[in-house]
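Numbering (the working numbering), first residue to last: 249 to 657.
What follows is one structure encoded as structure tokens, with my remarks underneath.
The structure is reproduced here in structure tokens:
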């Protein structure tokens with residue numbers, strides 16, 4: 249018997265609606281917080297109808313993540329149609345903006361972010377991660393075929409910074425109206441193309457001691473010790489994979505010690521963000537107190553924070569952790585991150601006035617700088633294959649001098 253086209257279409261429509269609803273719930277509550285009952289309610293079905301499409305919740309989560317990877321691969325395919333690395337990356341960015349415009353207009357639904365991927369069981373996680381790695385290799389290939397190991401490392405850094413900026417883009421693009429999208433896209437690409445530093449500037453940051461920016465640990469039961477352990481666990485396992493029990497176990501202390509400092513887990517995430525923001529602010533202050541141009545001040549803060557991300561025992565909390573928070577707390581975290589971004593924008597404006605920074609849209613460049621710093625958290629293994637100053641220089645060059653400049657020696 250031939251398949252019924254009407255039935256096939258109806259099945260696919262419901263399948264897509266289920267994925268859209270589940271993706272929204274994953275973004276709001278995480279993969280473990282998404283339930284069949286809530287998905288069914290959001291699409292106007294009963295729970296049994298959802299299980300007809302997906303027998304287990306984890307299968308539904310994997311399908312949502314695969315849908316997100318499909319989306320990214322479609323953007324990469326748009327870039328692959330072009331000849332040069334510059335035009336391929338422009339095509340990739342154009343496709344991102346076009347999709348975000350459709351979402352803003354209500355013509356498309358959002359996709360699941362990857363921050364809760366770590367909460368899946370090992371088998372499901374590995375299958376999805378394998379697809380993700382293949383997607384990343386395709387993205388990296390947009391920069392061309394590397395001629396040596398150093399160029400391969402640089403292309404990896406460039407692809408990672410580009411991808412992280414596309415993840416962070418919807419967060420700050422909410423502050424712009426749809427008619428501004430073309431202007432934002434052009435200015436963002438200009439920064440990716442030419443960087444922030446003015447022509448003739450070099451990479452020569454001041455050496456700022458990490459002791460200046462990292463808070464001290466007063467003792468095993470100190471709040472700082474809890475926040476360090478929690479930051480590492482949340483970065484590694486996601487919000488729901490970092491339980492209070494596990495944090496206490498890592499430190500070999502009681503759960504009561506945790507509740508002596510904080511009342512709830514949401515308070516913990518906010519405190520981890522504030523600790524990370526304090527480190528960023530300290531780096532900015534320390535850089536401002538050094539000699540040299542405003543470009544050198546900016547480079548010094550960036551270099552210091554990349555050292556924190558690559559070499560320190562406790563990196564900054566990943567920005568994706570805000571996804572797990574209730575909406576009011578998400579807004580609070582974004583506002584605090586924006587305040588720090590504006591401080592970077594101020595450095596850039598002073599640099600533009602003195603001629604050490606290119607005339608760029610400083611608000612956009614500052615958000616891109618914050619995203620670049622955030623992306624470095626997952627690149628410790630990459631950085632460990634290089635000497636520390638070299639890893640920092642290569643990674644920073646993506647935002648300092650652009651994605652298409654010769655690899656710095």
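For every residue, glycine included, the Cβ atom is placed at its ideal position computed from N, Cα and C.
Taking 7 Å as the cut-off, the beta carbon of residue 278 is found closer than this to the beta carbon of residue 364. Judged by DSSP in its simplified three-state form, residue 465 adopts coil rather than helix or strand.
One thing to note: residue 618 has its Cβ no nearer than 7 Å to the Cβ of residue 610. Distance from the CA of residue 473 to the CA of residue 590, rounded to the nearest whole angstrom, comes to 29 Å.
Inter-residue distance for residue 331 and residue 449 is about 30 Å (C-alpha atoms, whole angstroms). Under the three-state reduction of DSSP, residue 635 is assigned to coil, being neither helix nor strand. As the crow flies, the alpha-carbon of residue 459 is around 44 Å from that of residue 352. Under DSSP, residue 605 shares a beta bridge with 445. By alpha-carbon distance to residue 324, the top candidate from 339, 529 and 548 is 339.
Three or more beta-carbon pairs drawn from the stretch 524-531 and the stretch 578-593 are found closer than 8 Å, and the two stretches are therefore classed as touching. By the neighbour-count definition (other C-beta atoms within 10 Å, threshold 16), residue 354 is an exposed residue. In the structure shown, the three-state DSSP call for residue 333 is helix. By the criterion of at least three beta-carbon pairs nearer than 8 Å, the stretch 555-562 is in contact with the stretch 623-640. CA-CA distance, residue 263 to residue 622, rounds to 34 Å. For the 7 Å CB-CB criterion, residue 282 and residue 273 form a contact. Membership of residue 624 in any alpha helix (DSSP H) is not indicated, and neither H nor E is assigned to it by DSSP.
Within the stretch 568-596, no run of beta strand (DSSP E) at least 3 residues long lies entirely inside it. Here the alpha carbons of residue 569 and residue 391 stand approximately 30 Å from one another. Per DSSP, the unbroken alpha helix (DSSP H) holding residue 546 starts and ends at 542-559. By the Cβ neighbour-count rule, residue 412 is buried, with 16 or more other Cβ atoms within 10 Å of its own. A Cβ-Cβ distance of about 17 Å is found for the pair residue 551 and residue 613, leaving them out of contact under the 8 Å criterion.
Counting only residues of its own chain and dropping the five nearest sequence neighbours on each side, residue 426 has a CB closer than 8 Å to the CB of 349, 352 and 353. Residue burial is scored here from C-beta neighbours: residue 311 has at least 16 other C-beta atoms within 10 angstroms and is therefore classed as buried.
Residue 400: member of the alpha helix (DSSP H) spanning 397-421, first to last residue. For residue 326, same chain residues with a beta-carbon under 8 Å away, outside a window of 5 residues either side, are 339, 340, 342 and 343 in chain order. Between residue 309 and residue 287 the beta-carbon gap is near 11 Å, outside 8 Å, which marks them as no contact. In terms of Cα proximity to residue 300, the closest of 318, 259 and 314 is 259. By the beta-carbon neighbour count (other beta carbons within 10 angstroms, threshold 16), residue 484 is exposed.
By the neighbour-count definition (other C-beta atoms within 10 Å, threshold 16), residue 532 is a buried residue. Here the alpha carbons of residue 481 and residue 494 stand approximately 8 Å from one another.
In the structure shown, residue 649 falls within a coil segment according to DSSP collapsed to helix, strand and coil. The shortest CA-to-CA distance from residue 542 to any of 592, 522, 566 and 574 is the one to 592.
Per the C-alpha coordinates, the member of 523, 431 and 454 positioned closest to residue 476 is 523. For residue 479, the CB contacts under 6 Å within the same chain, skipping 5 residues up- and downstream, are 520, 562 and 565 in chain order.
Within the model, the alpha-carbon separation for residue 289 versus residue 432 is close to 37 Å.
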